[in-house]
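In short: position in the sequence shown from 1, add 7, done, that's the working numbering. For each residue, glycine too, the CB sits at the ideal point set by N, CA and C.
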Amino acid sequence: MFGPYPDYWRTGLQWFEYLPESWAILRTKQMFRLVIEKAPANNQMELLSVYTHIGVRPRKSLEQRGNKASSTDGYWVVKEGDIICNKLLAWMGAIGASHYQGVTSPAYDILRPIKSCNTDYYHFLFRTKKYLQQFKIRSRGIMDMRLRLYFDQFGQIPIPVPPRPEQDQIVAYLRAQDAHMARFIKTKRDLIKLLTEQKLRIIDHAVTRGLDSSVALKPSGIEWLGEVPEHWEVQRLKNVANVVLGKMLTTEAKAGDGDFKPYLRSTNVQWIKPDVRDVKEMWVAKAEMAQLRVRKGDLLVSEGGEVGRACMWNDELPECYIQNSVHRVAAKPMMLPEFLFHQFFTYGKRGRFNAIVNRVSIAHLTREKLVTIPFTVPPIEEQKAICRWISDECQPLDDAIARTEEEIKLIREYRDRLIADVVTGQVDVRGWQPGPDDVVDDTALAALGDDPDDVTEEEDGDGEN
C-alpha cells in the first residue's frame, strides 16, 4: 500500500485542503477551452454519448436498445482526448474523456486542452464525489431535473495540476487497478446471471404448469406459452388488470388546482423493487392525481429503456405518481399482484417484451401493445400456493444474489475512495511499477459500469428530455 507524499502545501480550498508540493492549481478555463465545431452535412462520423457509469462510448454499441439518431448534421465534432460534458447530468457523473473521434449532440459541451495534460487524469478527477458536488453547486436551474452546468461556471472551478509525468503515472496506476476490479465485477456478474437463470427456471415452470405434475394440460393457443393446466385460463392483460400510462412531464406550474409531486420514471423502475434514491418532482393537476398515483400492490412497468422491466410498489414513499415512461398496472380481483409480477419477470428476462415492441427507432412498450399480452390465470387459491412455493424455492437464490451484489457495491465504493485519494495527491503512486497481472483491456473495463441492460433510455438521450 502506498503512503502520502513527503511534503504538501495548503491550497485554501475546503474540498482539497492540501496538495503535494510539486502540484499547482489552475481554474478549469485555464486548462480547457470550450469548443464548438459543427460536423458537416451527410457526415459518417461516429456518434458518441457520455453515460454516468460507463463514460464516453459510441452510441452504436448500444443500438440493440433502439437508440439511434436520424442525422448527425450540425452535431459537435469530438476529437480523441476531448472532455465531453452533459450539461444536464454533469452533477450525476455524465462527464468523461473521449478515446474516440466522432460527433455528439449539441446538448453536450466539448472541452479541449489548451495546455499539455493527460485528459484521462481529469476524467478520473471530474467524476469524484467532491467535483460532482461542485458541479451541482455551480449548475443553474430551479430544480434538480432542470439543472445545467454551463462553461462560464465550470470554467471557474479550481483543479489540481500535477506535473505531466505524474498525471501519466496516476492514469496508468488507476487503469491497472480498474482492470483488476473490472475482472472481479465481471466474475460476480456472471455468477448473478447463473443464479438468475436458476430462479427463472423455477418461476417459469410454476407460472405456466403449476405445482401438480400430474395435472391434465391443454393448448394455450400461444405458441411460446405452450400447454397450460386444463383448469387454468389464459387472458390478455386488459382483462386481469387496469393499465394506466403516466403523464407527460410538466416542470412548470399550470393554471388551476394542482401541485408539484414526486414522480417515477423508467430509471426508477428496477426489477423486484423500485429505486427511489433519485425521485424528482413534476406538476400534477388535481384532476389527474387519482389516476396517476401509485398504490401498494401496483406493478410499475417500464415503457422505454429495458421495456417491460417491472417491480411491485410497496409504499416505498408516502405519495408518488408516474411519468409517461411508466405504466401503472393494478391487478383485478382474479389476479394476485405477486403472481402477475412473476409472469412479468419471466417475460422480461426471456425477451418476450422485446419481441413485440417497435424497434424502428427507440423501443417503446405502448399501452396498446401491453394490454394485449396474454397471461396465465389459475384459480386465486392456486395462485397463492404457487407464490408461496416460489418464495420458498427462490429465497436461497435471492440471498446469494443479494450477497454478490453487495460485494460489487463494496468494491465500487473502494474504487471511488482510491480514485479520490490518488487524483488529489493524498496517496503517492510515483513508485508504482506495473506487474505481469496489470494488463488493461479497454473492453473489460466496461464492467466497471452498470450492467449494459441497466443503462437507461434517459441516459441514452441527449440530456434535453
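On the three-state DSSP scale, how would you describe residue i?
i: residue 262; result: coil
i: residue 375; result: helix
i: residue 24; result: coil
i: residue 74; result: A caution first: residue 74 carries a pLDDT of 46, below 50, which makes its placement in the model too unreliable to give a value.
i: residue 214; result: helix
i: residue 450; result: helix
i: residue 370; result: coil
i: residue 461; result: In this prediction, residue 461 has a pLDDT of 44, which is less than 50 and means its spatial position is unreliable; what the coordinates show is noted afterwards. Helix at residue 461.
i: residue 256; result: coil
i: residue 31; result: strand
i: residue 137; result: helix
i: residue 122; result: coil
i: residue 421; result: helix
i: residue 428; result: helix
i: residue 2; result: Nothing about residue 2 can be read from this structure; the chain reaches only from 8 to 472.
i: residue 444; result: coil
i: residue 196; result: helix
i: residue 467; result: Below a pLDDT of 50, predicted positions are generally treated as unreliable, and residue 467, at 43, falls in that range; the measurement from the model is reported next regardless. Residue 467: helix per DSSP, three-state reduction.
i: residue 9; result: coil
i: residue 439; result: coil
Give me the DSSP bridge partner(s) of residue i.
i: residue 55; result: 65
i: residue 234; result: 226
i: residue 92; result: 102 and 116
i: residue 109; result: 85
i: residue 267; result: 290
i: residue 240; result: 384
i: residue 250; result: 336
i: residue 279; result: 318
i: residue 45; result: 83
What residue does the alpha helix (DSSP H) around residue i start on, and which one ends it?
i: residue 225; result: First-last for residue 225: 224 to 226, but that is the beta strand (DSSP E), not the alpha helix (DSSP H).
i: residue 246; result: 244 to 247
i: residue 272; result: From DSSP, residue 272 is part of no alpha helix (DSSP H); its letter is neither H nor E.
i: residue 353; result: 344 to 356
i: residue 474; result: The requested residue 474 does not occur in the structure, where the chain is confined to residues 8 to 472.
In the DSSP assignment, find the beta strand (DSSP E) that holds residue i and state where it starts and stops.
i: residue 39; result: 39 to 42
i: residue 129; result: Premise fails: residue 129 lies in the alpha helix (DSSP H), 126 to 133, not in any beta strand (DSSP E).
i: residue 17; result: 15 to 17
Query - alpha helix (DSSP H) runs contained entirely in the stretch 142 to 193, provided each spans 4 or more residues - result: 158 to 161
Report task. Counting only runs of 4+ residues fully inside the stretch 282 to 342, write out the alpha helix (DSSP H) ranges in chain order. Result -> 293 to 299
Query raised in the report: Is it true that the stretch 410 to 424 meets the stretch 159 to 167, where meeting means three or more beta-carbon pairs spaced less than 8 Å apart?
Result: Too few Cβ pairs lie closer than 8 Å, so no.
Requested in this report: Would you mind listing the alpha helix (DSSP H) stretches within the stretch 382 to 412 that are 4+ residues and don't spill past its ends, in chain order?
Outcome: If we require 4 residues or more, the stretch 382 to 412 turns out to have no alpha helix (DSSP H) run fully inside it.
Query raised in the report: Quick one: any contact between the stretch 251 to 270 and the stretch 385 to 396, if contact means 3 or more CB pairs under 8 Å?
Result: Too few Cβ pairs lie closer than 8 Å, so no.
Query - the stretch 32 to 41 touching the stretch 107 to 124, judged by at least three CB pairs closer than 8 Å - result: Flag = yes, the stretch 32 to 41 and the stretch 107 to 124 touch.
Query - Inter-stretch contact (C-beta, 8 Å, three-pair minimum) for the stretch 347 to 356 and the stretch 316 to 330 - result: Contact annotation: the stretch 347 to 356 touches the stretch 316 to 330, with at least three C-beta pairs closer than 8 Å.
Query raised in the report: Does the stretch 77 to 88 come within contact of the stretch 45 to 53, defined as at least 3 CB pairs closer than 8 Å?
Result: yes
Query raised in the report: Touch check for the stretch 357 to 365 and the stretch 256 to 267: three-plus C-beta pairs under 8 Å?
Result: no
**Report entry** the stretch 332 to 344 touching the stretch 185 to 194, judged by at least three CB pairs closer than 8 Å
**Finding:** Under the Cβ criterion (8 Å, minimum of three pairs), the stretch 332 to 344 does not count as touching the stretch 185 to 194.
Query raised in the report: Counting pairs of beta carbons, one from the stretch 296 to 307 and one from the stretch 216 to 226, are three or more of them closer than 8 Å?
Result: In short, these stretches do not touch, since the Cβ pair count stays below three.
Query - Stretch-stretch touch, CB-based, cutoff 8 Å, three pairs: the stretch 396 to 409 with the stretch 190 to 204 - result: yes
Query raised in the report: Is it true that the stretch 102 to 116 meets the stretch 13 to 33, where meeting means three or more beta-carbon pairs spaced less than 8 Å apart?
Result: Because the criterion of three Cβ pairs below 8 Å is not met, the stretch 102 to 116 and the stretch 13 to 33 do not touch.
Report task. Taking 8 Å as the threshold, find out whether the stretch 200 to 212 comes into contact with the stretch 178 to 186 through three or more Cβ pairs. Result -> No, they do not touch.
Query raised in the report: Can you find at least 3 beta carbon pairs, one from the stretch 301 to 310 and one from the stretch 268 to 276, that sit closer than 8 Å?
Result: yes
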